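Here the structure comes first, spelled out in structure tokens, and everything after it is commentary.
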Amino acid sequence: MGLAGYLIVAAILFALGIACTVARKNVIYVLMGIELILNAANLNLVAFSRFVGGLDGQIFAIFSIILAAAEAAVALAIVLNVFGLFDSIRPDDPDLMKE
Amino acid sequence: MNLLREELSWITPELCLTLFACVALLVDLFVQKGRESVMVGFFSLMGLLATAFFLYRQYGVTPPAQPVFGCMVVDPFSTLFKLFAVGALAFVVLFTMLSRQTRPDGYGEFYFILLCAGLGAFFLASTYNLLLMYLGLELLSIASYILAGYAKGNRRSGEAAMKYVIFGAVASGVMLYGFTLLYGMTGSIDLTVIGPKLRDQFALDHGTIPISVATGLCLAGFAYKISAAPFHFWTPDVYEGAPTPVTTFLAVASKGAGFAALLRFLQAGFIPDRTLGGPEAMMGYSDKLGTLVAVLAALTMTLGNLAALGQTNLKRMLAYSSIAHAGYVLMGVATMNREGFSSVLFYLVVYYFMNLGAFGVVMYYANTTGDEQIDDLKGLGWRSPLVAITMVAFLVALVGLPPTAGFIGKWFLFTAAVKKGFLWLAVVAGINSAISLFYYFRVARAMWLRPEEEAKYATVHASPAFAALLLVLAVGTVWFGVGFDSLLRYCDYSQNLLR
Chain A
-1 MGLAGYLIVA AILFALGIAC TVARKNVIYV LMGIELILNA ANLNLVAFSR FVGGLDGQIF
59 AIFSIILAAA EAAVALAIVL NVFGLFDSIR PDDPDLMKE
Chain B
527 MNLLREELSW ITPELCLTLF ACVALLVDLF VQKGRESVMV GFFSLMGLLA TAFFLYRQYG
587 VTPPAQPVFG CMVVDPFSTL FKLFAVGALA FVVLFTMLSR QTRPDGYGEF YFILLCAGLG
647 AFFLASTYNL LLMYLGLELL SIASYILAGY AKGNRRSGEA AMKYVIFGAV ASGVMLYGFT
707 LLYGMTGSID LTVIGPKLRD QFALDHGTIP ISVATGLCLA GFAYKISAAP FHFWTPDVYE
767 GAPTPVTTFL AVASKGAGFA ALLRFLQAGF IPDRTLGGPE AMMGYSDKLG TLVAVLAALT
827 MTLGNLAALG QTNLKRMLAY SSIAHAGYVL MGVATMNREG FSSVLFYLVV YYFMNLGAFG
887 VVMYYANTTG DEQIDDLKGL GWRSPLVAIT MVAFLVALVG LPPTAGFIGK WFLFTAAVKK
947 GFLWLAVVAG INSAISLFYY FRVARAMWLR PEEEAKYATV HASPAFAALL LVLAVGTVWF
1007 GVGFDSLLRY CDYSQNLLR
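Below, the structure is given as structure tokens:
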């Protein structure tokens, strides 16, 4: 399979991720969407690294995987805190600050 | 070995900041309960002072742009932004030490995370490398998410953190995707290589759609960081819900770092060297990108100002005002030339003084009364004249009236835009400044034009330390409106060296 195949899969993943985050049903759902976006980017990086040039892309992908884990840890902690305070993980439920 | 030492010596400020962040974390363990805020804050301040000293030594570096480890660069541009970040951090640390809003325990971690966020801003301001840019952005963002939700048990703070993390993670993910596309098109993650490669692609005339998609996705990430439309929705809620010192950090240091990265990104990748003469397609693309940014600038300032008009909460009003100011600064970015970019730097420095001051007053007020409503400021001018007078100075600067620095800063932005041919943008910005007069004036009116008897609270004395901080900021706000020569020269100089 050529480069195009990988790119198409990545683009589909990216679109699915955006769709997940825009649907805003549930914060966990949104966080999964974010993971999809990041993994689409990782797939792009690795594919480009194989077909276009150099190891830069693979190194970039490793860093980005680690960062995704760090971000997920912080995000889950925040969501847990919100669940404790609001008894809900729907992203639209906490709305104390509307004019 | 010598080479390593030589290169390491260029990143002493970063190393120093890292060291003191760890020190802050350790000191927290050995300080008796109840005194953490002062002691750990004191060590953080020492660290910032040492970092500022090392930065000052790099002030007039020769050679003008020193690459470090092939992925960072030390030049006057990055030094300016690092000094900017250190100054903002110092004020945030001082505000935190004087604030009662942050939670009583766990201060060591607070300062540790704050300094780490500052480190992220350092990297963001001094790299052409997409990987390091992404790492810097994430370091800054992840630390900011934690800081926004730091007031544990406070529902507003929790909501702010959740909104911030969802929005921020999506935006940075989208930007990462854009970075990967740039990498795919050029085979490099170094912006100094990507620029010429893109130029070649323009010369081959493959069409600009792939490049436009990649640039657009990258710009989304930057727009989120500087809270520009259409990625500004998180700003009011996060600014209002987060503890005020954190809001100050987000409004000043985080936004400044975002602009630094945006300027570098555009400068290295998308501005053809007009003296050498790039391919016609690239010239056209650069101008189109400028027009896009100009439209975003107009949108951002209008949305921010119109929403600010109806606010009753002072902090939320300042949040919308900071969106509007991102719009004004984008006006300088839209010119895509040296003059515009140096006016951006100038305005950011000015913005630093007036916004730190305004948020400082909000913090002081909320601290002493537990209240953030604009109407409740009634009679403050008669009761606490010093605070009210400095606040008026900050408000006048935020509107952009002489003799403050806000006027000079806006003047440079307007002239840069007009010279580039964005007359319509300057007109929009002028109308917006007039609109902003209304809501800033409401604050001044509440403070001064109501009789003393209507005052809701008894005299709220500023502690001497706090009064001194406000005075320093107010003097800076007025001083740069008069003696702006040297700052302007430095801004211009740092632009010279950006290619």
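If you're matching them up, the sequences are chains A and B in order.
If you count the first sequence from 1, position 41 lands on 39 in our numbering, and the numbers rise without skipping.
For our numbering, add 526 to where a residue sits in the second sequence, where the first one is 1.
In this text, a Cβ means the ideal position worked out from N, Cα and C, and glycines have one as well.
Note that the coordinates shown come from a computational prediction; the quantities given were computed from them, not determined experimentally.
Alpha carbon of residue 914 (chain B) to alpha carbon of residue 530 (chain B), nearest angstrom = 53 Å
ask   = Which residue comes first and which comes last in the beta strand (DSSP E) that contains residue 593 (chain B)?
value = Residue 593 (chain B) -> beta strand (DSSP E) spans 592 to 594.
message = Looking at the secondary structure, which residues open and close the beta strand (DSSP E) in which residue 1004 (chain B) lies?
response = No beta strand (DSSP E) holds residue 1004 (chain B); the alpha helix (DSSP H) holding it covers 990 to 1008.
query = Does DSSP put residue 40 (chain A) in a helix, a strand or coil?
reply = helix
ask   = Taking one C-beta from the stretch 946 to 962 of chain B and one from the stretch 857 to 866 of chain B each time, how about it: are there three or more such pairs within less than 8 Å?
value = yes
inquiry  = For residue 77 (chain A), which residues in the same chain have their Cβ closer than 8 Å to its Cβ, ignoring the five residues on either side in sequence?
reply    = 25, 26, 29, 87
query = Does DSSP put residue 837 (chain B) in a helix, in a strand, or in coil?
reply = coil
inquiry  = Using the Cβ count rule (16 or more neighbours within 10 Å means buried), how would you classify residue 838 (chain B)?
reply    = exposed
Contact set between residue 30 (chain A) and chain B, taken where Cβ atoms lie within less than 8 Å = Chain B residues near residue 30 (chain A): none, gap ~11 Å exceeds 8 Å.
query = Which value, in whole angstroms, describes the spacing of the CA atoms of residue 906 (chain B) and residue 921 (chain B)?
reply = 15 Å
query = So is residue 42 (chain A) in contact with chain B if we call contact Cβ pairs under 8 Å?
reply = True, the Cβ-Cβ gap to chain B drops below 8 Å.
message = Report the CB separation of residue 1006 (chain B) from residue 942 (chain B) in whole angstroms; it is logged as a contact under 8 Å.
response = That belief does not hold up - the Cβ atoms of residue 1006 (chain B) and residue 942 (chain B) are roughly 17 Å apart, past 8 Å.
query = Since residue 51 (chain A) meets chain B, which of its residues come closer than 8 Å, beta carbon to beta carbon?
reply = 713, 714
query = Which residue's Cα is closest to the Cα of residue 843 (chain B): B:674, B:967, B:541, B:990?
reply = Minimum Cα distance to residue 843 (chain B) is reached at B:967.
key: Nearest-angstrom Cα separation, counted from residue 92 (chain A) out to residue 669 (chain B)   = Whole-angstrom Cα-Cα distance: 22 Å.
ask   = Given that residue 90 (chain A) touches chain B, what residues does it touch there, using C-beta distances under 8 Å?
value = Simply none; closest approach about 10 Å.
ask   = Between B:995, B:752, B:959, which lies nearest to residue 667 (chain B) when the distance is taken from Cα to Cα?
value = B:752
inquiry  = Using the Cβ count rule (16 or more neighbours within 10 Å means buried), how would you classify residue 535 (chain B)?
reply    = exposed
request  = May I ask you to verify whether the stretch 63 to 74 of chain A touches the stretch 557 to 574 of chain B, counting CB pairs closer than 8 Å and requiring at least 3?
outcome  = no
query = When the distance is taken between beta carbons, is residue 656 (chain B) closer than 8 Å to residue 709 (chain B)?
reply = yes
task = Mind the definition here: the stretch 823 to 833 of chain B touches the stretch 788 to 795 of chain B only if three or more C-beta pairs lie below 8 Å; say whether that holds.
result = no
ask   = residue 713 (chain B) and residue 50 (chain A) look like a contact to me (Cβ under 8 Å); what is the Cβ gap, rounded to whole Å?
value = 5 Å
inquiry  = Taking the alpha-carbon of residue 950 (chain B) as reference, which of B:820, B:891, B:929 has the nearest alpha-carbon?
reply    = B:820
ask   = Comparing the C-beta of residue 885 (chain B) with each C-beta of chain A, is any distance below 8 Å?
value = For residue 885 (chain B), the answer is no, since every Cβ of chain A falls outside 8 Å of its Cβ.
query = Smallest Cα separation from residue 661 (chain B): which of A:66, A:70, A:94, A:85?
reply = The candidate whose alpha carbon is nearest that of residue 661 (chain B) is A:66.
ask   = residue 930 (chain B) by DSSP, collapsed to three states: which one?
value = coil
task = Specify the secondary structure class of residue 0 (chain A) as computed by DSSP and reduced to three states.
result = coil
task = Measure the beta-carbon distance from residue 570 (chain B) to residue 641 (chain B) and round it to whole angstroms, keeping in mind my assumption that it falls under 8 Å.
result = Indeed, because the Cβ distance is near 6 Å, the residues count as touching under 8 Å.
task = Starting from the Cα of residue 749 (chain B), find the closest Cα among B:977, B:694, B:846 and give me that residue.
result = B:694
task = Output, in chain order, the set of chain B residues within a Cβ distance shorter than 8 Å of residue 25 (chain A).
result = Correct list: 688, 692.
request  = Show which residues of chain A have a CB atom less than 7 Å away from the CB atom of residue 721 (chain B).
outcome  = For residue 721 (chain B), none of the residues of chain A pass the 7 Å Cβ criterion, the least Cβ distance being about 16 Å.
task = Grab me the residues of residue 84 (chain A)'s own chain with a C-beta within less than 8 Å of its C-beta, minus the 5 sequence neighbours each way, in chain order.
result = 91, 92
ask   = Taking the alpha carbon of residue 79 (chain A) as the point to measure from, which residue in B:779, B:686, B:653 has its own alpha carbon closest?
value = B:686
ask   = Looking at C-alpha atoms only, which residue of B:962, B:997, B:938 is the closest neighbour of residue 1011 (chain B)?
value = B:938
query = At which residues does the beta strand (DSSP E) containing residue 598 (chain B) begin and terminate?
reply = 598 to 600
query = Looking only at its own chain, which residues have a Cβ that is under 7 Å from the Cβ of residue 620 (chain B), when we skip the five neighbours before and after it?
reply = 995
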